[in-house]
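> Got a structure for you, questions after.
Shown next as structure tokens:
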């Protein structure tokens, strides 16, 4: 049994924004296949250390998006997070 009413995405952000993302924060999730943007919520922030090939250090945030029944397997989307009106991060994901 799979609960597809809430979808979870894990996105990575620069440590330059450490402390600016928090559980309960609202984020916008863009879904190109639907030409729509939906509201999601930061569920957890994990202060892991992921290093990109360019040398940037990143931490992760789990984002929950309610599924109104339109998100399906293999759809792609991107998420953006704004803090104080400034977009601080985005990432692509594929719902599988």
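In our numbering, the protein residues as written are 49 to 144. Cβ atoms here follow ideal geometry from the backbone N, Cα and C, with glycine treated the same way.
How should residue 96 be labelled, buried or exposed, when 16 other C-beta atoms within 10 angstroms of its C-beta is the threshold for buried?
Counting Cβ neighbours within 10 Å, residue 96 comes out exposed, since fewer than 16 surround it.
> Using the three-state DSSP reduction, which class does residue 12 fall into: helix, strand or coil?
This structure gives no information on residue 12, because the portion of the chain shown stretches from 49 to 144.
> CB residue 148 to CB residue 110, shorter than 8 Å?
Nothing can be reported for residue 148, as the shown portion of the chain is limited to 49 through 144.
> Taking the alpha-carbon of residue 92 as reference, which of 133, 107, 62 and 63 has the nearest alpha-carbon?
For residue 92, the closest alpha carbon among the candidates 133, 107, 62 and 63 is that of 107.
> Roughly how many angstroms separate the alpha carbons of residue 55 and residue 114, rounded to a whole number?
6 Å
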